[in-house]
Ligand code: GAL
């Protein structure tokens, strides 16, 4: 090869490299310009908190990302089929809100076989299942913290407004619990920690009933009506979420009680309707479940996984978990949470 040909070759190689650099720089890992596909599977389409969480998620979608949402109508078999079909369609990553948090194996096996990472969210699977494969993650919140906060608010307000809440004046707070789904980590843990916190804080309490209302407002209204028929003196309602707390309010409204005769009612979630009820003084308190934080963490992690980017800045604990903190909301600070003020 003469000097001239050698020089020309060098120039061509440099030219090719200089053209490639910007392409590689914006590619971030996978092929440049590739549209990332995320599949989001949800246990049910009629859940207020999850609908709001997914609205937050949807607001984050950028132009190089597409998202397909599927809803399982509370059937794990349906969800397994939906996962299979999303994988066949070529999703890069799955976000799964399990129907049955104790039955993730079919989904994990499918994803693993096809090398599609899964971010589970909101309905927490047991640790052993999450450890089945390195590309499994969980995003949610610590259920026990929400229980403690609900119990804490209830204890503080029962003490401060004893005359108003302890309607029969026996010094003991007669209460009922409206529970979410049987077997859901948030139902079990919130119920236990909320009551225990009240007791630890020195409140004398007596459980006069409970009912399972599956996170649902209409079911809670029905169940609360039955509890009211059985107990003439209910002074406090601890509901595992806001929709069920609002169902309890509906029951008292429908039965024609003046608000001064209602028990003190507490929820969890800080949904738009829940916050509104706190600001109107109908709900004594709620615990804010950070849907914005969970949606952002899920989006960032999904995109990073799909683009094969580093996970260093995502904030994973033990390479597996992201849990957002809860906060207490009462009439005093609800203004900070209402949409217009955000
Ligand atoms: C809980 C939430 C409930 C319901 C449930 C569904 O965290 O507080 O309102 O959305 O998740 O799994």
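Numbering (our numbering), first residue to last: 684 to 1025. The beta-carbon is built from N, C-alpha and C at its ideal position, and this holds for glycine as well.
Which residues DSSP lists as bridging residue i, in chain order
{"i": "residue 821", "result": "803, 1004"}
{"i": "residue 888", "result": "856"}
{"i": "residue 1013", "result": "968"}
{"i": "residue 861", "result": "894, 922"}
{"i": "residue 751", "result": "722"}
{"i": "residue 941", "result": "According to DSSP, residue 941 bridges with nothing at all."}
{"i": "residue 952", "result": "971"}
Host beta strand (DSSP E) of residue i (start-end)
{"i": "residue 719", "result": "719-725"}
{"i": "residue 921", "result": "919-922"}
{"i": "residue 779", "result": "776-779"}
Whole-number beta carbon distance between residue j and residue i, since they are thought to touch under 8 angstroms
{"i": "residue 750", "j": "residue 782", "result": "Actually they do not touch by this definition, with Cβ atoms about 20 angstroms apart."}
{"i": "residue 743", "j": "residue 982", "result": "4 angstroms"}
{"i": "residue 951", "j": "residue 925", "result": "7 angstroms"}
{"i": "residue 861", "j": "residue 903", "result": "5 angstroms"}
Cutoff 7 angstroms; reference residue i; Cβ partners in own chain excluding five residues on either side
{"i": "residue 910", "result": "859, 892, 894, 917"}
N-terminal and C-terminal residue of the alpha helix (DSSP H) that residue i is part of
{"i": "residue 794", "result": "788-796"}
{"i": "residue 810", "result": "810-813"}
{"i": "residue 930", "result": "925-937"}
{"i": "residue 909", "result": "900-913"}
{"i": "residue 733", "result": "731-742"}
{"i": "residue 840", "result": "826-843"}
Residue environment, residue i, which counts as buried when at least 16 other CB atoms sit within 10 Å
{"i": "residue 852", "result": "exposed"}
{"i": "residue 706", "result": "With a pLDDT of only 36 at residue 706, under 50, the local geometry of the prediction cannot be trusted, and the value read off the model is given with reservation. Answer is exposed; the Cβ neighbour count stays below 16."}
{"i": "residue 906", "result": "buried"}
{"i": "residue 696", "result": "Summary for residue 696: the model assigns pLDDT 41, below 50, so the residue's position carries little reliability; its value from the coordinates is reported in the next sentence. Residue 696 should be labelled exposed."}
{"i": "residue 990", "result": "buried"}
{"i": "residue 941", "result": "exposed"}
Close beta carbons around residue i, own chain, < 8 angstroms, minus the five adjacent residues each side
{"i": "residue 791", "result": "801, 812, 815, 816, 819"}
{"i": "residue 868", "result": "784, 806, 807, 826"}
{"i": "residue 914", "result": "857, 859, 891, 892"}
{"i": "residue 767", "result": "793"}
{"i": "residue 844", "result": "947"}
{"i": "residue 798", "result": "818"}
{"i": "residue 855", "result": "849, 887, 888, 889"}
Residues near residue i in its chain [Cβ-Cβ closer than 6 angstroms; skip 5 each side]
{"i": "residue 803", "result": "779, 821"}
{"i": "residue 976", "result": "1007"}
{"i": "residue 945", "result": "935"}
Cβ-heavy atom distance, residue i to the ligand COA, below 7 angstroms
{"i": "residue 869", "result": "Of the ligands one can find in the structure shown, namely the ligand GAL, none is the ligand COA."}
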